[in-house]
Amino acid sequence: MQSPAYDVAESLRKAFHLHGATFSRETDERMPFQRPTPEAAEAQGVKLRHAAVALPVFPIDEKWHVALMKRTEYPGVHSGQISIPGGEVEQEDVDRFDTAMREFEEEMGVNLRQSHVVSGLSERFIPPSRFVVTAFVACLDHQPQWRVDPTEVAAVLTVPVEALLAPDALQPHAIEIKSGVKVSLPAYAWEGEVIWGATAIMLTEFALAWREAVERV
């Protein structure tokens, strides 16, 4: 008998294999504007940077949750934002998976290499930082004990997956994109935090895959 995390991971793999292009397209259709693809950005002369992130998924009281991190305040474009744990590719990394695992352990204090890791989310280009982000989903059988790096992580935000699946989960919010400038962008709200930008885009694609893979099983 396989574990619940194994079963979820296998269902997600199948869903991404069969419907990944549809999830990506439907995610883009829910956003108010189309971000350039990594290929388009590179063709425009953007000097790309590369990063990888890992979205942990685990049950609490028999309901599945994801964990996000609130970044500490620092002089950078993603200061104080809610994000999926991860970071920039380093020279010693073997591949994007290695980057995601290393960065997650550095930030969150948990080794995900023995979890059931799924690829399939679209690579996303983030114009403000020039990052091309590769995202993984790490399925676990229980909530990890976080040992966060306080220099990078201000707080851990645990969000029920069902909150991402609600029809009205993604709503316009007034986001301050720079000092004194606010724009209306689609975002999730949870426990007083607003989840927007690339994180909201990746969570939307994840939610579409989850609904197909898990909710319909």
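Each residue of the sequence shown is one higher than the one before, counting from 1 in this note's numbering. Heads up, the beta-carbon is just placed ideally off N, CA and C, and yes, glycines get one too. These numbers come from a predicted model, not from an experiment.
Coarse secondary structure for residue i, derived from DSSP in three states
i	result
T134	strand
P186	strand
H65	strand
I201	helix
P32	coil
A169	coil
V94	coil
H116	strand
R71	strand
V181	strand
T158	strand
R102	helix
R25	helix
L208	helix
L121	coil
P4	helix
E152	coil
H50	strand
V214	helix
E10	helix
P59	strand
E39	helix
Own chain residues within Cβ distance below 8 Å of residue i, not counting five before or after
i	result
T199	L68, Q81, I82, S83 and I84
E193	K70, I82 and L157
L170	R30, P186, A187, Y188, A200 and T204
T72	S79, G80, P150, T151, E152, V153 and A154
V8	V57, W64, H116, C139, A213 and V214
D168	none
Where residue i falls, given that 16 or more other Cβ within 10 Å makes a residue buried
i	result
A166	exposed
F58	buried
Y74	exposed
I177	exposed
F33	exposed
H116	buried
S122	buried
G45	exposed
A174	exposed
R102	buried
A135	buried
A15	buried
Residues near residue i by beta carbon distance below 7 Å, same chain, minus five either side
i	result
L208	F23, E26 and T27
L48	P38, A41, E42, R130 and V132
CB-CB length for residue i against residue j, believed under 8 Å
i	j	result
V224	A41	No answer is possible for residue 224: the residues shown for the chain start at 1 and end at 217.
F131	T37	So it is not a contact: roughly 13 Å between Cβ atoms.
D141	S3	5 Å
Reference residue i; option with closest CA among the options
i	options	result
Y188	E88, T158 and E212	T158
C139	V110, T99, R130 and H173	V110
V161	P128, W146, P56 and R124	P56
G86	A163, V137 and G180	V137
G120	L164, F131 and F206	F206
A100	V53, Q145 and P38	V53
Q145	I60, K47, A174 and Y6	I60
G197	W210, D168 and P128	P128
E107	D93, V148 and A5	V148
K182	R211, P172 and V89	P172
E191	M202, A163 and S184	A163
L112	Q143, S184 and V89	Q143
Interface flag, residue i vs chain E, CB-CB below 8 Å
i	result
A169	Included in the structure is just one protein chain, with no chain E present.
Chain-order list of residues whose beta-carbon lies under 6 Å from that of residue i (same chain, five-residue window excluded)
i	result
R13	V118
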